[in-house]
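For the sequence shown, our numbering begins at 0 and goes up steadily by one.
Note that the Cβ used here is the ideal one computed from N, Cα and C, for glycine as well.
Accompanying notes for the structure given below.
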Amino acid sequence: MRLAVLTSHPIQYQAPIFRALAQRCDLTVFFAHSATSADQAAAGFGVTFNWDVDLLAGYKHVFLRNVATPPGLDRFSGCDTPEISSRLREGNFDALLVAGWHLKTFIQALAAAKRIGLPALVRGDSQLETPRSFWKRGVKTVAYPVFLRLFDAALYVGERSRAYWEHYGYPRRRMFFSPHCVDNDWFAARATKEARAALRDRLGVGEEAKVILFAGKLVPFKRPLDVIAAAGLMRRDGMNVEVMVAGSGALADEMTNAAAAAGVPLHHLGFCNQTEMPAAYAASDVLALPSDGRETWGLVANEALAAGRPIVLSDAVGSAPDLASDGRAGRVFPVGNVEALAEALADVIGSPPSAATIAAKSARYSIGAAVDGIMDAAASVRSRGRMVAL
0 MRLAVLTSHP IQYQAPIFRA LAQRCDLTVF FAHSATSADQ AAAGFGVTFN
50 WDVDLLAGYK HVFLRNVATP PGLDRFSGCD TPEISSRLRE GNFDALLVAG
100 WHLKTFIQAL AAAKRIGLPA LVRGDSQLET PRSFWKRGVK TVAYPVFLRL
150 FDAALYVGER SRAYWEHYGY PRRRMFFSPH CVDNDWFAAR ATKEARAALR
200 DRLGVGEEAK VILFAGKLVP FKRPLDVIAA AGLMRRDGMN VEVMVAGSGA
250 LADEMTNAAA AAGVPLHHLG FCNQTEMPAA YAASDVLALP SDGRETWGLV
300 ANEALAAGRP IVLSDAVGSA PDLASDGRAG RVFPVGNVEA LAEALADVIG
350 SPPSAATIAA KSARYSIGAA VDGIMDAAAS VRSRGRMVAL
């Protein structure tokens, strides 16, 4: 199986999947853009940085020439790569996998694949709960039942992703489960008791204190201020809780001020690169992710579970039905309801799930499962021939 993958730029969550996929097929990954440290800052991280893990080792990859002026990841036209057409034509691939359709490069690749009869797969985390304007919803209602069928197979990453495809009438037989995931083993191996003790000691967190972790960009749609407010309610009820923040962004000062006003001990780690995150999870007792519907998944929830920590997610977070709604490894609360968030956090802290229960939940959302879905989809379109009729 010769598989071409097109994605926007090297992403820390995708690299482990590509490495595992390269062990199963003849893989070439095409990148539409080489992200700079300034691109990362513009994406909401609030600081310039480069990832401190190797995102390119272990698989063949090609950086396409991006002719967009200026190039970027923040708009449809920011990744313009006409070169992908010749690359696909000359590559003798059996299938193409694209990471969405929100950038021009993906549409260019889809069009090129259709011209040469190359089956096209798509994997993404679109969900119906994402806020959209009335006119956008109307356009999609008319156009998407036709447009989405241009893809020969759809890889859904979770329950809301599956519901999205079903809503637009995509054939169920062409849908395959390829879950959103992180490198579970990598996080588990580094989220040790020693890492927990070292970070808590450095921060001055007492042994009896329970730490609520918020991990992510400090931006409005993630609602980090709700974590401070919930912790304040819990402390008023006599719970010894503190808040740790692993992230940076526009709301950093507001977080500090809100914590001081609520009497909540706040440990602000600032931006944490990938190798620093396992210790943050280890030092915490629960992850809180109170985002609105723009959080189409929330991979920090996967990371927390991999590190052995329970999760509390808002019902608007894309991964909530998959990772927390059954109550085994966490809880779900109504987005924006601070009292319910406090209650859910108190419940998990008071009766935490076992390590085995958390590990069982995490195991279903693994790199192996994601790769299995991709390979099954690629084999399916290959067996059905070079094209799928619309």
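From the options, residue whose alpha carbon lies closest to that of residue i
i: E253; options: G269, P223, M233 and L96; result: P223
i: G269; options: F48, D225, R23 and P9; result: F48
i: R23; options: R381, D182, M374 and R195; result: M374
i: R363; options: D182, P352 and A229; result: D182
i: S33; options: A56, G71 and P320; result: G71
i: L217; options: M243, L344, G205 and R88; result: M243
i: A194; options: A306, E302 and S177; result: A306
i: V299; options: G215, A249, Y167 and A378; result: G215
i: I16; options: C271, I366 and A376; result: I366
i: V52; options: L5, F186 and P130; result: F186
i: V204; options: L265, M174, T6 and R235; result: L265
i: V156; options: G123, P170, F150 and F146; result: G123
i: I390; options: K103, R86, Y58 and T255; result: Residue 390 lies beyond the range of the chain shown here (0 to 389); nothing can be said about it.
i: F30; options: L2, H60, Q13 and R18; result: H60
i: F150; options: R136, R330, W100 and P277; result: W100
i: E207; options: N239, G90 and L117; result: N239
i: A249; options: V4, V46 and K103; result: V46
i: T104; options: A229, P81, I227 and V121; result: P81
i: D184; options: A328, L288, L304 and I106; result: L304
i: A345; options: P170, L232 and F75; result: L232
i: R199; options: A278, C271, D25 and G372; result: A278
i: A377; options: A94, G329 and Y167; result: A94
Residue interval of the beta strand (DSSP E) (run including residue i)
i: H266; result: L265 to G269
i: E207; result: Premise fails: E207 is in no beta strand (DSSP E) and is neither H nor E.
i: S379; result: Segment I366 to S382 is the alpha helix (DSSP H) holding S379; no beta strand (DSSP E) there.
i: A152; result: A152 to Y155
i: V4; result: R1 to T6
i: F176; result: M174 to F176
Whole-angstrom distance between residue j and residue i, CA atom to CA atom
i: I211; j: F332; result: 16 Å
i: I357; j: S318; result: 15 Å
i: R64; j: R159; result: 34 Å
i: N301; j: S361; result: 7 Å
i: I10; j: G297; result: 14 Å
i: D21; j: C180; result: The residue you asked about is not Asp; residue 21 is Ala in the sequence shown. Looking at the two C-alpha atoms, the distance is approximately 17 Å.
i: P309; j: E275; result: 19 Å
i: E241; j: A354; result: 22 Å
i: T68; j: D325; result: 47 Å
i: A343; j: V311; result: 7 Å
i: A368; j: S177; result: 6 Å
i: T129; j: A162; result: 13 Å
i: R293; j: P219; result: 10 Å
i: P144; j: S84; result: 25 Å
i: P320; j: S125; result: 14 Å
i: R148; j: K139; result: 13 Å
i: M386; j: A119; result: For M386, the pLDDT reaches just 47, beneath the cut-off of 50, and the residue's location in the model is therefore unreliable, although a value from the coordinates is still provided. So the two alpha carbons sit approximately 9 Å from each other.
i: F92; j: R234; result: 59 Å
i: A196; j: S350; result: 22 Å
i: L286; j: F213; result: 6 Å
i: D73; j: T35; result: 13 Å
i: R1; j: D79; result: 24 Å
i: L117; j: F62; result: 21 Å
i: E165; j: A257; result: 42 Å
i: L389; j: V121; result: Residue placement at L389 is poorly supported in this model, since its pLDDT is 40, which falls under 50; the coordinates still yield a value, given next. Roughly 16 Å between the two C-alpha positions.
i: L127; j: H8; result: 25 Å
i: A56; j: W50; result: 13 Å
i: A245; j: H267; result: 7 Å
i: D225; j: V334; result: 9 Å
i: K135; j: P170; result: 23 Å
Residue i: first and last residue of the uninterrupted alpha helix (DSSP H) it sits in
i: F105; result: K103 to I115
i: R122; result: No alpha helix (DSSP H) contains R122, which is instead part of the beta strand (DSSP E) from A119 to G123.
i: R195; result: K192 to L202
i: E241; result: That residue, E241, is in no alpha helix (DSSP H); its beta strand (DSSP E) goes V240 to A245.
i: R189; result: N183 to R189
i: R327; result: Where R327 is concerned, there is no enclosing alpha helix (DSSP H), given that its DSSP letter is neither H nor E.
i: Y402; result: Nothing can be reported for residue 402: it is not among the residues displayed for the chain, which extend from 0 to 389.
i: L224; result: L224 to R235
i: L217; result: No alpha helix (DSSP H) contains L217, which DSSP labels as neither H nor E.
i: G137; result: F133 to F146
i: R363; result: A354 to R363
Beta-carbon separation (whole angstroms), residue i vs residue j, contact threshold 8 Å
i: A108; j: V97; result: 6 Å
i: S290; j: S313; result: 6 Å
i: T191; j: A281; result: 6 Å
i: G90; j: T27; result: 7 Å
i: F133; j: L154; result: Actually they do not touch by this definition, with Cβ atoms about 29 Å apart.
i: C341; j: A229; result: Before going further, note that residue 341 is Ala rather than Cys in the sequence given. Contact holds; Cβ gap of about 4 Å.
i: A261; j: I227; result: 6 Å
i: Y58; j: R88; result: So it is not a contact: roughly 22 Å between Cβ atoms.
i: R330; j: V347; result: 6 Å
### Message
As an exercise, report each continuous alpha helix (DSSP H) stretch of at least 4 residues that is fully enclosed by the stretch 23-102, in chain order.
### Response
36-39 and 82-89
### Task
Note down, one range per segment and in chain order, each alpha helix (DSSP H) of at least 4 residues found wholly within the stretch 281-322.
298-305 and 319-322
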